[in-house]
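The structure under discussion appears below in the form of structure tokens.
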Amino acid sequence: MQFSVVILSALLCGFTARTSVPVPDTCGNNSDAVPLYITTGGIVNDCVLTTSNAAVTSLVGAQSFAFGGVSARVFPTQELSTMPMFLAYEVQNGDITDHLYTISVTEFDDAIAVGFRDGGIQGYIYPTQICGSVPYYRLYKPALTEHFYTVSETQQQSMVAAGWTDQGIMGYVLSPNCTD
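Mapped onto mature numbering (1 follows the signal peptide of the UniProt record, and there is no 0), the consecutive letters of the sequence shown carry residue numbers -18 to -1, 1 to 162.
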């Protein structure tokens, strides 16, 4: 009998460990999502994504950024099936020159290894297109040392036509007008 209890206990512990990984197609609560604002410009022509109203006010007011509105909606804390959206930022000559957002731990670690700084987790998004999420395209323009992010396939295609490099889909977010 004790042997059966040990086996059952081992099986249950193994089952618990496996279920700690997000279950595919399990949606977070969309009403928990918050706006991810986009600002562009500044001295070095940067694109900044933030969920913070205070950061937007600072960027637009004191640092000459243009407010682009709500770029997407993200979760402020981890929800079912979501992954962290990391920020790595580059500093050159005392100015932040690029913001790189990614859900890839490897890509984040590689950016840090070449001199980017750790900006922490900026929100949580889906790694696959589930739960009504939409692609969040990432583009890059080497001449500007600049990344840009959009949910608009039309904008993504226009930017590629204007010389930006399509870096694919960074992850999947809720559309800017999604409220539930």
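In this text, a Cβ means the ideal position worked out from N, Cα and C, and glycines have one as well.
Pairwise C-alpha distance: residue j and residue i
i      : j      : result
Ile112 : Thr8   : 8 Å
Gly105 : Arg55  : 9 Å
Gln139 : Val116 : 16 Å
Ile25  : Thr88  : 30 Å
Cys29  : Glu72  : 12 Å
Ile107 : Ile85  : 8 Å
Thr33  : Phe57  : 10 Å
Leu31  : Leu41  : 11 Å
Phe98  : Asp77  : 12 Å
Gly51  : Ile103 : 21 Å
Met141 : Ser63  : 30 Å
Ala36  : Gln74  : 24 Å
Gln137 : Gly114 : 20 Å
Close beta carbons around residue i, own chain, < 7 Å, minus the five adjacent residues each side
i      : result
Gly23  : Ser46, Phe47, Ala48
Val3   : Reliability fails at Val3, whose pLDDT of 48 lies under 50, so the model's placement of it is uncertain and the value that follows must be treated cautiously. Nothing meets the Cβ criterion.
Gln149 : Arg120, Leu121, Tyr122
Spatial neighbours of residue i in its chain, beta-carbon cut-off 6 Å, leaving aside the 5 residues before and after
i      : result
Ala143 : none
Leu126 : Asn27
Val79  : For clarity, residue 79 is Thr in the given sequence; the question names Val instead. Contacts found: Val26, Glu72, Thr127.
Pair within 8 Å by beta-carbon distance, residue i and residue j
i      : j      : result
Met67  : Gly145 : no
Ala15  : Leu156 : yes
His129 : Leu82  : yes
Pro109 : Met65  : yes
Buried/exposed call for residue i, threshold 16 Cβ in 10 Å
i      : result
Val5   : With a pLDDT of 49 at Val5, under the threshold of 50, the modelled position of this residue cannot be trusted; read the value that follows with caution. Result: exposed.
Gly10  : buried
Thr21  : buried
Ser13  : exposed
Glu135 : exposed
Thr59  : exposed
Ala93  : buried
Val38  : buried
Chain-order list of residues whose beta-carbon lies under 8 Å from that of residue i (same chain, five-residue window excluded)
i      : result
Val133 : Ser53, Ala54, Val116, Pro117, Tyr118, Tyr119, Val155, Ser157, Pro158
Gly101 : Phe68, Leu69, Ala70, Tyr71, His81
Ile151 : Pro117, Tyr118, Tyr119, Arg120
Pro124 : Thr147
Worksheet entry | Entirely enclosed beta strand (DSSP E) segments - the region 76 to 154, minimum 3 residues | 77 to 84, 99 to 107, 116 to 123, 128 to 132
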